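J.: Protein sequences appear in the order of chains A and B. Heads up: the first sequence begins at 10 in the working numbering, then just goes up one per residue. Heads up: the second sequence begins at 58 in the working numbering, then just goes up one per residue. We put the beta carbon where it would ideally sit given N, CA and C, even for glycine. Owing to the predicted nature of the structure, the values given are computational and were not obtained by experimental measurement.
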Amino acid sequence: MTDGAHPAPLDAEQVRADFAILARTVRDGRPLVYLDSGATSQKPRQVLDAERAFYERHNAAVHRGAHQLAEEATDAYEGARSTIASFIGAAAEEVVFTKNATEAINLVAYALSNAATAGPEAERFLVGPGDEIVVTEMEHHANLVPWQQLCQRTGATLRWFAVTDDGRLDLSDLDTLVNERTRIVALAHQSNVLGTVNPVRRIADRAHEVGALVLADAAQSVPHMPVDVHELGVDFLVFSGHKMLGPNGIGVLWGRAELLAAMPPFITGGSMIGVVHMEHSTWADPPQRFEAGVPMAPQAVGLAAACDYLSAIGMDRVAAHEHELTAYALERLAALDGVRIVGPATAEDRGGAVSFTVDDIHPHDVGQVLDDLGLAVRVGHHCAWPLHRRMAAVATTRASFYVYNTTADVDALVEGIVAAQRFFGVLPREGVPG
Amino acid sequence: MKLDSMYQEIILDHYRSPHNKGLREPFDAETHHINPTCGDEVTLRVSLAGGPNGLDGSAVVRDVSYDSMGCSISQASASVLTDLIIGKTVDDAMAVLGEFTALMHSKGQGEPDEDVLEDAVAFAGVSQYPARIKCALLAWMAWKDATAQSLEAKEESAS
Chain A
10 MTDGAHPAPL
20 DAEQVRADFA
30 ILARTVRDGR
40 PLVYLDSGAT
50 SQKPRQVLDA
60 ERAFYERHNA
70 AVHRGAHQLA
80 EEATDAYEGA
90 RSTIASFIGA
100 AAEEVVFTKN
110 ATEAINLVAY
120 ALSNAATAGP
130 EAERFLVGPG
140 DEIVVTEMEH
150 HANLVPWQQL
160 CQRTGATLRW
170 FAVTDDGRLD
180 LSDLDTLVNE
190 RTRIVALAHQ
200 SNVLGTVNPV
210 RRIADRAHEV
220 GALVLADAAQ
230 SVPHMPVDVH
240 ELGVDFLVFS
250 GHKMLGPNGI
260 GVLWGRAELL
270 AAMPPFITGG
280 SMIGVVHMEH
290 STWADPPQRF
300 EAGVPMAPQA
310 VGLAAACDYL
320 SAIGMDRVAA
330 HEHELTAYAL
340 ERLAALDGVR
350 IVGPATAEDR
360 GGAVSFTVDD
370 IHPHDVGQVL
380 DDLGLAVRVG
390 HHCAWPLHRR
400 MAAVATTRAS
410 FYVYNTTADV
420 DALVEGIVAA
430 QRFFGVLPRE
440 GVPG
Chain B
58 MKLDSMYQEI
68 ILDHYRSPHN
78 KGLREPFDAE
88 THHINPTCGD
98 EVTLRVSLAG
108 GPNGLDGSAV
118 VRDVSYDSMG
128 CSISQASASV
138 LTDLIIGKTV
148 DDAMAVLGEF
158 TALMHSKGQG
168 EPDEDVLEDA
178 VAFAGVSQYP
188 ARIKCALLAW
198 MAWKDATAQS
208 LEAKEESAS
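(1) For Ala270(A) and Thr355(A), what's the separation of their Cα atoms in angstroms?
(2) What distance in whole Å lies between the Cβ atoms of Val202(A) and Val403(A), which are believed to be in contact at a cut-off of 8 Å?
(3) What's the gap between the Cα of Leu183(A) and the Cα of Pro138(A)?
(4) Can you check whether the C-beta of Val151(A) is within less than 9 Å of a C-beta belonging to chain B?
(5) Rounded to whole angstroms, what's the CA-CA distance from Asn92(B) to Gly376(A)? Just pull it up for me.
(6) With distances taken from CA atoms, which of Leu436(A), Gly425(A), Ser46(A) is nearest Gly204(A)?
(7) So, with DSSP's three-state summary, where would you put Val236(A)?
(8) Closest to Val247(A) by C-alpha separation, out of Cys316(A), Ala321(A), Thr107(A), would be which residue?
(9) Quick check on this structure: which residue in Arg192(A), Thr185(A), Ala197(A) has the alpha carbon closest to the alpha carbon of Arg177(A)?
(10) Return no unless some Cβ of chain A is closer than 9 Å to the Cβ of Leu69(B).
(11) If you draw a straight line from the alpha carbon of Ala29(A) to that of Val136(A), how long is it in whole angstroms?
(12) Can you list the residues of chain A that Leu195(B) reaches, using a CB-CB cut of under 8 Å?
(13) Short of 9 Å Cβ to Cβ, which residues in the segment 384-397 of chain A face chain B?
(14) Val42(A) versus chain B: which residues are under 7 Å apart at the beta carbon?
(15) If we cut at 9 Å on Cβ distances, does Ser125(B) have a partner in chain A?
(16) Run through the DSSP bridge pairs and tell me what Lys78(B) is partnered with.
(17) Using the beta-carbon of each residue, which ones in chain D are nearer than 9 Å to Lys59(B)?
(18) Report the partner residues of His90(B) according to the DSSP bridge assignment.
(19) Would a C-beta distance cut-off of 9 Å place Ala216(A) and Val194(A) closer than the cut-off?
(20) Looking at the C-beta of Ser134(B), does it have a partner C-beta in chain A at a distance below 9 Å?
(21) At the level of alpha carbons, what is the spacing between Gly302(A) and Ala293(A)?
(22) List the residues of chain A that Gly96(B) touches, going by C-beta distances under 8 Å, in chain order.
(23) On the CB-based measure, 16 or more other CB atoms within 10 Å of its CB, does Thr145(A) come out buried or exposed?
(24) Which residue's Cα is closest to the Cα of Leu174(B): Lys164(B), Cys192(B), Ala152(B)?
(25) Considering only DSSP beta bridges, list what Gly111(B) is partnered with.
(26) Quick check on DSSP: helix, strand or coil for Leu262(A)?
(27) Using CA atoms only, rank isn't needed, just tell me which of Ala313(A), Glu103(A), Pro256(A), Arg399(A) is closest to Val238(A).
(28) Spatial neighbours of Glu300(A) within its chain, please: CB distance less than 7 Å, with the 5 preceding and 5 following residues excluded, ordered by chain position.
(29) Can you give me the Cβ contacts of Ala227(A) inside the same chain, cut-off strictly under 7 Å, excluding the 5 residues immediately before and after it?
(30) For Thr191(A), is the beta carbon positioned less than 8 Å from some heavy atom of the ligand FAD?
(31) Can you name the start and end residues of the alpha helix (DSSP H) that Val223(A) belongs to?
(32) Ignore the nearest five residues each way along the sequence and tell me which others in Gln65(B)'s own chain have a CB closer than 6 Å to its CB.
(33) Which residue's Cα is closest to the Cα of Ala110(A): Ala131(A), Ala124(A), Gln161(A), Gln229(A)?
(34) Starting from the beta carbon of Phe432(A), find every residue of chain B whose beta carbon is closer than 8 Å, and list them in chain order.
(35) When the Cα atoms are used, what is the spatial distance from Arg399(A) to Phe170(A)?
(36) With 16 other CB atoms within 10 Å as the buried threshold, where does Val284(A) fall?
Below you can see the structure in the form of structure tokens.
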């Protein structure tokens, strides 16, 4: 399938050969069917090799010391920054490394409240009583709780876009919800539960009309589709390395250069300073201003390798592959009695996170039967409790796809759901799993 | 297949036909516990009757009533709890709780005392699945909490 001169569909079987973990068995010899990439992705050998090579050849604390290893480590770290920046159409100095997307969001939220004591340059970030922060009802807790806390610290008011029954943002009140009082709009590019891809550009354009900032939580989009920060029209964008074939412990905050230049720091300490006196200190320029302490160079190198791996496949092909899997999964799940998709019923403007409920069987119990068959899915509220309340589900079961999944994995999921229905007596108990 | 070791018939029976379910009067204390990983909830009420030594460990658990929402393991566990605890003294009930908690943390290696745990021995298989232990313990922790509050409330009203 990859012999054509023009872009051929992604060959998932070929991709799978790079992921050793996918060859293992679980639960008494069952082949692993990994459908939990929305939580964390598996890592190809190219990423693991890159991280290992850094440790074996170049390991040193970056931006410190004048010895050869320190130079090599710093080059590797800054080279990784350039690769990762290119991956999202950004300039290297606009990319700040954080622990994960959650920390990146907190960095921005704390910069806004720290602006109150950071001098005239930071005045544009001031948030206080009468100001409004806008989020959506479909946010992951990581893009909700930090803004609740910002409001608590500053006296600002939290407002949000509602979600429609079919799992889309209700934009009917866009012009009133985002108004002159709005300081920042923070929203998911792609929902981790519904799979919905939000019209970020449209919302960002409205926000900019009224002078508000826009932050996109791209933890579920950057791994799965081509993302260009300028096309999205946002001011900040965050994502995590571990959800895109990269290592744990590294995430990214991208911010427009002029904003980062004026923003006060979040975490302070070594490496992020300009000059330090006993009484006071000044700050380094971005991105170092936001990277206190010895940074995660091996993880940055690993994440750059993940970007290279994805770029070699081509993000258009990644997106097309997942779109096909999503459409197939939606079609097959919709055909099952007693199964309700929580999220858009079609694959249009929708990514490969497919959450569902099964009548009369709790998601924990569905997940347990699937686990017994070797399928790894996520069960629970997926860190989006308010969204589950909105969709009238205590919890859901979620299958999420990536480059290494196949339609056979979807077939296994469907068979597993039927097995759960039989096991719990929702369907006649015949052909019980195992 | 390991699934059957977890979902024993006793558990599925309690899940389908829970015992003592529903919130009842009178009660001394009510607690509401949530499993933050999945959102499962239980609201549980305890009613105590003073024992020979008054309102201490010798008090008798007159009633345990509950309303809950959750998976088969958490629902069955609440049902089994009421069967085991109602009618016992607080001291004896706490001993059952101790046995059950120890079984849940036994990683599948426990040898449950059937005389103490009765139907609750069926949960031995659950202890092999760390993610499900909280489900099995949800109602028990709510009961422990409610009982402690009941004893405190009685102490305060007596003094």
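T.: In terms of the structure at hand:
(1) Counted from its first residue, the first sequence places residue 270(A) at position 261. Counted from its first residue, the first sequence places residue 355(A) at position 346. Here the alpha carbon of Ala270(A) sits roughly 42 Å from the alpha carbon of Thr355(A).
(2) For the purposes of this step, residue 403(A) is identified with residue 394 of the first sequence, where counting begins at 1. For the purposes of this step, residue 202(A) is identified with residue 193 of the first sequence, where counting begins at 1. Between Val202(A) and Val403(A) the Cβ distance is about 13 Å, and since that is not below 8 Å, they are no contact.
(3) Translated into positions along the first sequence, residue 183(A) becomes position 174. Translated into positions along the first sequence, residue 138(A) becomes position 129. If you take the alpha carbons of Leu183(A) and Pro138(A), they lie about 22 Å apart.
(4) Here residue 151(A) refers to the residue found at position 142 of the first sequence. Correcting the residue identity first, residue 151(A) is Ala in this sequence and not Val. Not one chain B Cβ lies under 9 Å of Ala151(A).
(5) Along the second sequence, read from residue 1 onward, the residue named residue 92(B) stands at position 35. Along the first sequence, read from residue 1 onward, the residue named residue 376(A) stands at position 367. For Asn92(B) and Gly376(A), the distance between alpha carbons rounds to 16 Å.
(6) Translated into positions along the first sequence, residue 204(A) becomes position 195. Ranking the options by Cα distance to Gly204(A), first place goes to Ser46(A).
(7) Stepping through the first sequence from its first residue, residue 236(A) is reached at position 227. If DSSP states are grouped into helix, strand and coil, Val236(A) belongs with coil.
(8) Position 238 of the first sequence, counted from the first residue, corresponds to residue 247(A). Ranking the options by Cα distance to Val247(A), first place goes to Thr107(A).
(9) Reading the first sequence from its first residue, position 168 is the one you call residue 177(A). Out of Arg192(A), Thr185(A), Ala197(A), Ala197(A) has the C-alpha closest to the C-alpha of Arg177(A).
(10) Within the second sequence, residue 69(B) is the residue found at index 12, counting from 1. So, interface residue.
(11) As a position in the first sequence, residue 29(A) is number 20, starting the count at 1. As a position in the first sequence, residue 136(A) is number 127, starting the count at 1. Going from the Cα of Ala29(A) to the Cα of Val136(A) covers about 48 Å.
(12) Here residue 195(B) refers to the residue found at position 138 when the second sequence is read from its first residue. Within chain A, no residue comes near Leu195(B); the closest Cβ sits about 11 Å away, beyond 8 Å.
(13) Answer set for the segment 384-397 of chain A: Val388, Gly389, His390, Trp394, His397.
(14) As a working mapping, residue 42(A) is identified with position 33 in the first sequence. Within chain B, no residue has its CB atom less than 7 Å from the CB of Val42(A), the nearest being about 16 Å off.
(15) Taking the second sequence and counting its residues from 1, one reaches residue 125(B) at position 68. So no, Ser125(B) is outside the interface.
(16) Working through the second sequence from its first residue, we reach residue 78(B) at position 21. Tyr123(B), per the DSSP bridge assignment.
(17) Here chain D cannot be found, since the structure's protein chains are A and B.
(18) In the second sequence, residue 90(B) corresponds to position 33, counting from 1. Beta-bridge pairing links His90(B) to Val99(B).
(19) Residue 216(A) sits at position 207 when you count from the first residue of the first sequence. Residue 194(A) sits at position 185 when you count from the first residue of the first sequence. Yes; because the gap between Cβ atoms is below 9 Å, this pair is in contact.
(20) Along the second sequence, one-based indexing puts residue 134(B) at 77. False, the Cβ-Cβ gap to chain A never drops below 9 Å.
(21) The sequence position of residue 302(A) within the first sequence is 293, counting from 1. The sequence position of residue 293(A) within the first sequence is 284, counting from 1. Rounded to the nearest angstrom, the gap between the Cα atoms of Gly302(A) and Ala293(A) is 13 Å.
(22) Position 39 of the second sequence, counted from the first residue, corresponds to residue 96(B). One finds Gly389, His390, Trp394, His397, Val403, Ala404 in chain A with Cβ atoms closer than 8 Å to the Cβ of Gly96(B), taken in chain order.
(23) By one-based count along the first sequence, residue 145(A) stands at place 136. That one is buried.
(24) Mapped onto the second sequence, residue 174(B) falls at position 117. Out of Lys164(B), Cys192(B), Ala152(B), Ala152(B) has the C-alpha closest to the C-alpha of Leu174(B).
(25) Within the second sequence, numbered from 1, the residue matching residue 111(B) stands at position 54. In the DSSP assignment, Gly111(B) forms a beta bridge with Gly108(B).
(26) Here residue 262(A) refers to the residue found at position 253 of the first sequence. Leu262(A) sits in a strand when the DSSP states are folded into three classes.
(27) As a working mapping, residue 238(A) is identified with position 229 in the first sequence. Among Ala313(A), Glu103(A), Pro256(A), Arg399(A), the Cα nearest to that of Val238(A) belongs to Glu103(A).
(28) The residue given as residue 300(A) occupies position 291 in the first sequence. Correct list, in chain order: Val105, Phe106, Ser280, Met281.
(29) Position 218 of the first sequence holds residue 227(A). Apart from sequence neighbours up to five positions away, the residues of its chain that approach Ala227(A) with a beta-carbon distance below 7 Å are His198, Val236, Leu246, Val247, Phe248, ordered along the chain.
(30) The model depicted lacks the ligand FAD and carries no ligand whatsoever.
(31) Taking the first sequence and counting its residues from 1, one reaches residue 223(A) at position 214. Note, Val223(A): premise wrong, no alpha helix (DSSP H); beta strand (DSSP E) at 222-226.
(32) Locating residue 65(B) in the second sequence gives position 8, counting from the first residue. Annotation for Gln65(B): Ala179 place their beta carbon closer than 6 Å to its own, counting only its chain and skipping 5 residues before and after.
(33) Residue 110(A) sits at position 101 when you count from the first residue of the first sequence. Closest in alpha carbon position to Ala110(A), among Ala131(A), Ala124(A), Gln161(A), Gln229(A), is Gln229(A).
(34) Along the first sequence, one-based indexing puts residue 432(A) at 423. Within 8 Å Cβ-Cβ: Leu60, Tyr64.
(35) For the purposes of this step, residue 399(A) is taken as the residue at position 390 of the first sequence. For the purposes of this step, residue 170(A) is taken as the residue at position 161 of the first sequence. Rounded to whole angstroms, Arg399(A) to Phe170(A) spans 12 Å at the Cα level.
(36) Taking the first sequence and counting its residues from 1, one reaches residue 284(A) at position 275. Classification of Val284(A): exposed, given that the 10 Å Cβ count is below 16.
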